[in-house]
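Numbering (the numbering used here), first residue to last: 1 to 400.
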Ligand code: NIG
Ligand code: FE
C-alpha cells in the first residue's frame, strides 16, 4: 500500500548531509520510505493514497530516549515541600519521592496501569513522539517490576501509538526494610535472572547517585545485566558529580543521562568511550535548578541527546517542550536541538527491528511529523501547544 505525501513546504531530513529538501514528495510504501522524489506524475493513475501536505514543513518523528512511562498517582503536593527548601533527597528520605509513587503504583490494578499507559502514549504521539524508551522502576520488587514490564509489553502491541524500547530499572531506589546492599543482592540473585528469563526488557538502567545506588553497586548490576544480554543505560550525576559518569565511561554504557553535574574531563572520557550524554532539561525546569552548560558541551563536540524524563517529579511528556527549553531558554539552535531528539536519539535508542529511524531517507521507517507551520523551526517554538498537524507513523497517516 502506497501513500504519497505531496505539496510539502520543506523536509528537514536529518540525513548525513543535513539536507533540507524543498518541493519534494515522499513516497511511503507500507511502513517504509520508498523514495523522495521531484515529481509524482508516474503515480497519478495508481491506486495510491494521496496526502496534500499544504505547504507545511516535515521533520522526523521524535524519539523520546528517556521516559518513566508507567506509574500511578501523582506527587504535586511535594512542590510545597520544595518551596519550604526541602531538596529532592530530603523529600525522598521523608518517605516521599520515588517510594510514594511505588506505593501508589503497587496499589493500581493492571487494567488501570494499562489505561494510564495508553493515555500517556497518546499524549506523546500528539506531541510528535513516534518512538519511546519506557522504563520500569516503580515496582522495586521482583514481582512488581515484572508486572510493570509485562504491562509495557502489552502496550507494545497496541496499534497507532509510539513504538517502545523497554528498559528494566529495578535499581531505582529501595523499599523500607531494605538497604542498598541488601536490595542489590536481591536484584543480582533473584530479580535480574527473572527479568532475563522473561525476555521483557531490552536494556537495564541504574540510578547511580550519592544517596541511591553507589558506583560499586551500580557496576555489579550493570555488569551482570550486560552478561545477560541487556544493553546498558545509566542515570548519573543528577544532583552531584558522584562518579556515575566515570563508571559510564569505564563500562562503555550506551547512554548516561541527566549528567548535569558531570565534569568536563568526565564528559570527554564518556565521548572517547562512545557513551552518549542524555540531557533532560525538563528536570531542572521542574525542580528550579540550573541548566548544564550546553554551549560548552557543544563546543567540545560531545554527542548528546535530549529527552523528556517524564516521571512524577517532571510531568513533561512533550519533546517539543523540551526543545523549547533548550532553544528558547538556553540558546541552542533549533537544528542541533532537533538532531538531539531524532538522529542522535536513534543512536542511544535503536529499534529492535534495526530499521533506521530519526531520519527521513529512502529505506528508513516512515515516521515523520507534518508541522502546523511551513517553518521547520516551529517544532520547538510553541511551548503551550503541540506544533504537530499530523503524523506518518510507521506508514499510517494520522491527522489530529
Ligand atoms: O530521572 N532520578 C531518578 N529517577 C527519575 C525521578 C524519579 C521520581 O522522582 O519519581 C529521574 O528524574
Ligand atoms: Fe529519569
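We put the CB at the ideal spot given by N, CA and C, even for glycine.
With a threshold of 16 other CB atoms inside 10 Å of the CB of residue i, please say whether the residue is buried or exposed.
i, result
"residue 400", "exposed"
"residue 385", "exposed"
"residue 129", "buried"
"residue 115", "exposed"
"residue 49", "exposed"
"residue 107", "exposed"
"residue 372", "buried"
"residue 3", "buried"
"residue 339", "buried"
"residue 143", "exposed"
"residue 315", "exposed"
"residue 79", "exposed"
"residue 343", "buried"
"residue 240", "exposed"
"residue 206", "buried"
"residue 24", "buried"
"residue 472", "No statement about residue 472 is possible, as the shown extent of the chain runs from 1 to 400 and does not include it."
"residue 329", "exposed"
"residue 352", "exposed"
"residue 154", "exposed"
"residue 13", "buried"
"residue 264", "exposed"
"residue 369", "buried"
"residue 288", "exposed"
"residue 267", "buried"
Determine the contact status of residue i and residue j, defining contact as a CB-CB distance below 8 Å.
i, j, result
"residue 102", "residue 138", "yes"
"residue 230", "residue 204", "yes"
"residue 57", "residue 10", "yes"
"residue 132", "residue 176", "no"
"residue 5", "residue 53", "yes"
"residue 62", "residue 327", "no"
"residue 258", "residue 280", "yes"
"residue 300", "residue 269", "no"
"residue 28", "residue 395", "yes"
"residue 202", "residue 167", "yes"
"residue 127", "residue 398", "no"
"residue 97", "residue 91", "yes"
"residue 200", "residue 149", "yes"
"residue 117", "residue 140", "no"
"residue 244", "residue 234", "yes"
"residue 238", "residue 209", "yes"
"residue 172", "residue 349", "no"
"residue 160", "residue 393", "yes"
"residue 21", "residue 40", "no"
"residue 15", "residue 361", "yes"
"residue 380", "residue 318", "no"
Helix, strand or coil: which one does DSSP assign to residue i?
i, result
"residue 119", "helix"
"residue 165", "strand"
"residue 409", "Outside the modelled stretch of the chain, which goes from 1 to 400, sits residue 409, for which no answer is possible."
"residue 86", "coil"
"residue 1", "coil"
"residue 258", "strand"
"residue 12", "strand"
"residue 156", "helix"
"residue 233", "strand"
"residue 203", "strand"
"residue 29", "strand"
"residue 142", "helix"
"residue 79", "helix"
"residue 114", "helix"
"residue 299", "helix"
"residue 360", "coil"
"residue 213", "strand"
"residue 344", "helix"
"residue 70", "coil"
"residue 62", "strand"
"residue 273", "coil"
"residue 315", "coil"
"residue 35", "strand"
"residue 268", "helix"
"residue 239", "coil"
"residue 248", "helix"
"residue 310", "strand"
My understanding is that residue i touches residue j, with C-beta atoms under 8 Å, so please give their C-beta distance in whole angstroms.
i, j, result
"residue 125", "residue 151", "That pair is no contact at about 18 Å."
"residue 363", "residue 32", "6 Å"
"residue 66", "residue 308", "7 Å"
"residue 275", "residue 255", "7 Å"
"residue 225", "residue 180", "Wrong, their Cβ atoms sit about 17 Å apart, outside the cutoff."
"residue 251", "residue 221", "Rounded, the Cβ-Cβ distance is 11 Å, inconsistent with contact."
Taking 7 Å as the cut-off, is the beta-carbon of residue i closer than that to any non-hydrogen atom of the ligand MG?
i, result
"residue 261", "With respect to the ligand MG, the structure offers nothing, as its ligand set consists of the ligand NIG and the ligand FE."
Using a C-beta cutoff of 8 Å, does residue i count as contacting chain C?
i, result
"residue 382", "Here chain C cannot be found, since the structure has a single protein chain."
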